[in-house]
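Colleague: Quick one: this structure, given as structure tokens, is what I'll be asking you about.
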Amino acid sequence: MTVKRQEQLIETAGKRLTQNYRQQPIVLARGEGCHVWDVAGNRYLDMNAGIAVSCLGHGHPVFVKAIAEQAGRLIHVSNLYYIEQQVRLADRLIARTWAPESNRVFFCNSGAEANEAALKLARRYHAVTTGHPERIELIACEGSFHGRTFAAVSMTGQEKYRSGFGPMVGPVKFVPYGDLAAAQAAITEQTCAILVEPVQGEGGVRPPPPGYLKGLRVRCEQTGTLLIFDEVQTGVGRTGTFFAYEQEGVVPDIVTLAKGLAGGVPIGAMIASGEVARGFEPGVHASTFGGNALACAAALAVMDAIEQERLLERVRAAGERLGRGLEALAERGKPLTIDARGKGLLRGIALSKDAAPYLARARERGLLLSVAGGTVLRFSPPYVVTDEQIDQSLEILATVLEVA
26 MTVKRQEQLI ETAGKRLTQN YRQQPIVLAR GEGCHVWDVA GNRYLDMNAG
76 IAVSCLGHGH PVFVKAIAEQ AGRLIHVSNL YYIEQQVRLA DRLIARTWAP
126 ESNRVFFCNS GAEANEAALK LARRYHAVTT GHPERIELIA CEGSFHGRTF
176 AAVSMTGQEK YRSGFGPMVG PVKFVPYGDL AAAQAAITEQ TCAILVEPVQ
226 GEGGVRPPPP GYLKGLRVRC EQTGTLLIFD EVQTGVGRTG TFFAYEQEGV
276 VPDIVTLAKG LAGGVPIGAM IASGEVARGF EPGVHASTFG GNALACAAAL
326 AVMDAIEQER LLERVRAAGE RLGRGLEALA ERGKPLTIDA RGKGLLRGIA
376 LSKDAAPYLA RARERGLLLS VAGGTVLRFS PPYVVTDEQI DQSLEILATV
426 LEVA
């Protein structure tokens, strides 16, 4: 593999792929732990993890073995039949939820699909189960991101993602994230559901103020509105608990998962209370690939690693170290830096200007990050990240921000 080969691949991509991404000018070829290499042989410290997806890093032996063994046994048969790995994963996931004796799970292939399923279930629950088909209004937050399918993007509170695709699915109201009074006023007995992230990811790594999620729960109970937590980015341990809502002392009616659930193999999951799940009956919703044997085997391996390697504890400890380091850099970097924010290993440092040039500088120095909200450099490293790797990433960032 050479620099020339990398250039050739990028040139071919420019001719053959739809131009809807702004890729960094490297072609990644392999990875090990928290490091990846491009085809030209350059090594990078991966503090992005496929946008909070590769939670076990690259080449984790337990994960690799589980996928290889399952691939040699059975990959896909569809949901015309029961699938052992799917049933086992459902049991493991539900055991971690707010009502393990009654909750139900639907498997799909992505976060957008999980949110799509949640919105369809909410509508159908009111229309068929409670007998209130007039309850169709949906509420989401400004700055939110819920996916790229029509319903999911219609609920995404950033105009740039909706532009040119109208008309959107509706009716949808948008309220300021973290503004409890605004949400309380918007939620009425005509509201079907409110969809909210426990920490906004793409919106700029923004945790809500204390009491916000609890206040939403109270208002939803007063009005009969369903509370949906989008934990596509925050779930499966990313913030230090398996679900981020656990830290707020509040439970949803529906929660969605994806990203880290299968460590890089596409999967999505929607978990609903037993009561709300009554809205789904045979034939009303489905997914050909959802919950296939390979994806579920990968997710079971992730669950095993989280439990056996005590990775939730690692996320909390590593997250505190990363958070302290980012806070120090934010203080030293003013006025370029505004603040550091986030929970667990979902962290960001907010800048007073476009973050893209600083993302490029970090890559040139061997550090891979991502941008959230346009002005936030986001860290979402694998859970297996070491203290030394965290410190190294902070040292590189200090040079990028010119505060070293």
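Here this note's numbering is used: the first residue of the sequence shown is 26, the next is one more, and so on.
Just so it is clear, CB atoms sit at the ideal spot from N, CA and C, and this is done for glycine as well.
1. In the DSSP output, which residue or residues are listed as bridge partners for residue 132?
2. Taking the C-alpha atoms as reference points, what is the distance between residue 189 and residue 175?
3. Quick check: residue 233 and residue 202, are their CB atoms within less than 8 Å of each other?
4. Classify residue 73 as buried or exposed, calling it buried when 16 or more other Cβ atoms lie within 10 Å of its own Cβ.
5. With a threshold of 16 other CB atoms inside 10 Å of the CB of residue 284, please say whether the residue is buried or exposed.
6. For residue 278, does the three-state DSSP call read helix, strand or coil?
7. At least one CB of chain D closer than 8 Å to the CB of residue 136: is that the case?
8. For residue 289, which residues of its own chain have a beta-carbon under 7 Å away from its beta-carbon, when the five flanking residues on both sides are left out?
9. Determine contact between the stretch 260-279 and the stretch 287-307, defined as no fewer than three beta-carbon pairs at a distance below 8 Å.
10. From residue 306 to residue 142, what does the alpha carbon distance come to, in whole angstroms?
11. Hey, quick one: how far does the alpha helix (DSSP H) through residue 198 stretch, first residue to last?
12. Nearest to residue 137 by CA position, among 173, 125, 169, 410, is which residue?
13. Among residues of its own chain, excluding the 5 on either side of residue 311, which ones have a beta-carbon nearer than 7 Å to its beta-carbon?
14. Which same chain residues, not among the five before or five after residue 224, have their C-beta less than 8 Å away from its C-beta?
15. Compare the C-alpha of residue 181 against each of 167, 192, 329 and name the closest.
16. For residue 411, count the other beta carbons within 10 Å of its own beta carbon; 16 or more makes it buried, fewer makes it exposed. Which is it?
Modeller: By the coordinates alone:
1. The partner list for residue 132 (beta bridge, DSSP) reads 294.
2. Taking the straight line from one Cα to the other gives about 12 Å.
3. Their beta carbons are under 8 Å apart, which means residue 233 touches residue 202 by this criterion.
4. Label assigned to residue 73: buried.
5. Buried is the call here.
6. In this structure, residue 278 counts as coil in the three-state DSSP scheme.
7. The displayed structure is made up of one protein chain only, and chain D is not part of it.
8. Apart from sequence neighbours up to five positions away, the residues of its chain that approach residue 289 with a beta-carbon distance below 7 Å are 75, 78, 79, ordered along the chain.
9. Taking a cut-off of 8 Å on C-beta distances, the stretch 260-279 touches the stretch 287-307, as three or more cross pairs fall below it.
10. Taking the straight line joining both Cα atoms gives about 13 Å.
11. It is not in any alpha helix (DSSP H) - residue 198 instead sits in the beta strand (DSSP E) that spans 197-200.
12. Out of 173, 125, 169, 410, 173 has the C-alpha closest to the C-alpha of residue 137.
13. Within the same chain, residue 311 has close Cβ partners 104.
14. Residues 230, 231, 232, 233, 258, 259, 264, 269, 367, 368, 371 of the same chain have their beta carbon placed closer than 8 Å to that of residue 224, with the five preceding and five following residues left out of the count.
15. Taking the Cα of residue 181 as reference, the smallest distance to any Cα among 167, 192, 329 is reached at 167.
16. When all chains shown are included, residue 411 counts as exposed.
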